[in-house]
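Here the structure comes first, spelled out in structure tokens, and everything after it is commentary.
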Amino acid sequence: MQTEAQCPPTSRFLLADELLTDRAIRFIQTECVRRNRGKEATAAYQQFIGWVRQANQVALFTLYAYADLAVPKKYDCLFNYNDPAQFVRAACELTYSIWEGWLPLDQVEHGHKHICVLTFADPVPDMIHSLYQEDGDFTNQSFHKFKVGLCDFADFDAIARALARRAHLKKIYSTTWWEHEEQDSP
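According to my numbering, the residues represented by the sequence shown are 17 to 202, in order.
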């Protein structure tokens, strides 16, 4: 268990690598019903099962969460993970969290993958639509493709600097880059 306050600012971002289509969302909702049959129907479960995506909402597959986060959770910055110089200020709220793709919760759990539903104050930024679009077959791998980070803008500068440093170390040290992460910056 790690709180957001315990997490260094350089790591305070959710990383998304897939945008789920409406077909994929329906598949996940159906699977949630099937896998949770006979179990207690929580409020988070009931809300997600009845949810229909609106124009200002997206469902994203997020990788290992940086901390335990209560839902709803607000973010105000999105960035290209491979090139953080490409970023956009966009107010959004994480409104639903589906743990490991099958259990709707009222939180995001540290170290786990989730399907996260975001509701934007304005239209969904174009950057989100550049993600790999999962259509519900779940057969394609999205590794090494475009990824979007979600963060609080107050942490963005620290995140961008850390990612630039990591990219620099990977160029020099390849797979052992992490052994040199604590050394002074170039």
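Don't be surprised by glycine CBs; every beta carbon is placed ideally from N, CA and C.
All of these numbers come straight from a predicted model, not from anything done at the bench.
Practice task
State yes or no: is the C-beta of residue 64 within less than 9 Å of the C-beta of residue 114?
Solution key: yes
Exercise for the section: Tell me whether residue 8 sits in a helix, a strand or coil according to DSSP, three-state version. Expected result: In the structure as shown, the chain begins at 17 and stops at 202. Residue 8 is therefore absent and cannot be evaluated.
Exercise for the section: Could you check which residue in 123, 192, 185, 178 has the C-alpha nearest to that of residue 83? Expected result: 123
Handout entry: C-alpha gap between residue 108 and residue 29, whole angstroms
Key = 14 Å
Exercise for the section: Could you tell me the distance, in whole angstroms, from the CA atom of residue 171 to the CA atom of residue 21? Expected result: 12 Å
Practice task
Taking all protein chains shown into account, decide if residue 202 is buried (16 or more other Cβ within 10 angstroms of its Cβ) or exposed.
Solution key: Caution applies to residue 202, whose pLDDT of 46 falls short of 50 and renders its modelled position unreliable; the model cannot decide the point.
Practice task
Given a cut-off of 9 Å, decide if residue 36 and residue 68 are closer than it, judged by their beta-carbon atoms.
Solution key: no
Exercise for the section: Jot down the residue ranges of each uninterrupted beta strand (DSSP E) in the segment 25-83, minimum 3 residues, whole runs only, in chain order. Expected result: 30-36, 73-78
Problem - Residues near residue 81 in its chain [Cβ-Cβ closer than 7 Å; skip 5 each side] - result: 30, 124, 125, 126, 127, 128, 130
Exercise for the section: Would you kindly check if the distance between the Cβ of residue 166 and the Cβ of residue 94 is under 9 Å? Expected result: yes
Problem - Contact set for residue 34: own chain, Cβ-Cβ below 8 Å, skip 5 residues either direction - result: 76, 77, 147, 148, 149, 150, 158
Exercise for the section: Can you grab the Cα-Cα spacing for the pair residue 99 / residue 144, in whole Å? Expected result: 14 Å
Practice task
Taking only runs that begin and end inside the segment 117-168, name each unbroken beta strand (DSSP E) of 3 or more residues, in chain order.
Solution key: 119-121, 130-136, 148-150, 164-167
Problem - 8 Å CB neighbourhood of residue 188 in its chain, flanking five on each side removed - result: 196
Handout entry: Start and end residues, beta strand (DSSP E) containing residue 88
Key = That residue, residue 88, is in no beta strand (DSSP E); it is neither H nor E in DSSP.
Problem - Residue range of the beta strand (DSSP E) that includes residue 190 - result: Element bounds for residue 190: n/a, residue is neither H nor E.
Problem - C-beta contact flag for residue 111 and residue 133 at 9 Å - result: yes
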